[in-house]
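Note that this note's numbering has the sequence shown beginning at 611, numbered continuously upward.
Just so it is clear, CB atoms sit at the ideal spot from N, CA and C, and this is done for glycine as well.
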Amino acid sequence: MAEKAGQMQVDIALVRQLAKLLNDTGLTEIEVEADDRKIRVARTMQGASVTMAAPAAPVALAAPAPVAAPADVAPADHPGAVKSPMVGTAYLAASPEAAPFVSVGDTVKEGDTVIIIEAMKVMNPITATRGGKVTQILIANGQPVEFDQPLVVIE
611 MAEKAGQMQV
621 DIALVRQLAK
631 LLNDTGLTEI
641 EVEADDRKIR
651 VARTMQGASV
661 TMAAPAAPVA
671 LAAPAPVAAP
681 ADVAPADHPG
691 AVKSPMVGTA
701 YLAASPEAAP
711 FVSVGDTVKE
721 GDTVIIIEAM
731 KVMNPITATR
741 GGKVTQILIA
751 NGQPVEFDQP
761 LVVIE
């Protein structure tokens, strides 16, 4: 990274390398500090964001990588969003060989298991909060999830 006339140059190769490391390890955030600069690469369900900041002048770059098809309403704000009640690892099926609990287009009833979340070696079933049609599955099998993160959208 070099500075020209008060502007910070972005080392794109380093950002790409950090993003690849983020995806390969399943982490949600990586931060690197060198001299007076800091590079932070974070991954969310809607995409990835990269923020670089000098002590007095922050510079932000966004590199979105959508996980699900865009919708009129953000998944987190959708009234049919099923959100994670805990931090853990989400699984779409009961075992690696089993069929997924739900797929996009499936019709579910309130109380049907849609995902399981492993937390502290305990498998916790996550159920549909309402009946309807599954329109989006916002996570991948085996993906770490955060508290209150949208997992599935039911309309």
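So what's residue i in DSSP terms, helix, strand or just coil?
i: Ser659; result: Here the model assigns Ser659 a pLDDT of 49, short of 50, so the residue's position is not dependable and the matter cannot be decided.
i: Ile622; result: helix
i: Ala703; result: strand
i: Gln627; result: helix
i: Pro685; result: helix
i: Thr717; result: strand
Hey, could you find the ends of the beta strand (DSSP E) residue i is sitting in?
i: Asn734; result: 732–737
i: Gly742; result: 742–747
i: Leu761; result: 760–764
Buried or exposed: which applies to residue i, given that a residue is buried once 16 or more other Cβ atoms fall within 10 Å of its Cβ?
i: Phe711; result: buried
i: Ile727; result: buried
i: Ala761; result: Correcting the residue type first, residue 761 is Leu in the shown sequence and not Ala. The residue in question, Leu761, is buried, as its Cβ has 16 or more Cβ neighbours within 10 Å.
i: Ser705; result: exposed
i: Leu631; result: exposed
i: Ser694; result: buried
Among the options, which has the Cα closest to the Cα of residue i?
i: Tyr701; options: Glu643, Gly715, Ile736, Ala686; result: Ile736
i: Val651; options: Asp645, Ile749, Gln627; result: Gln627
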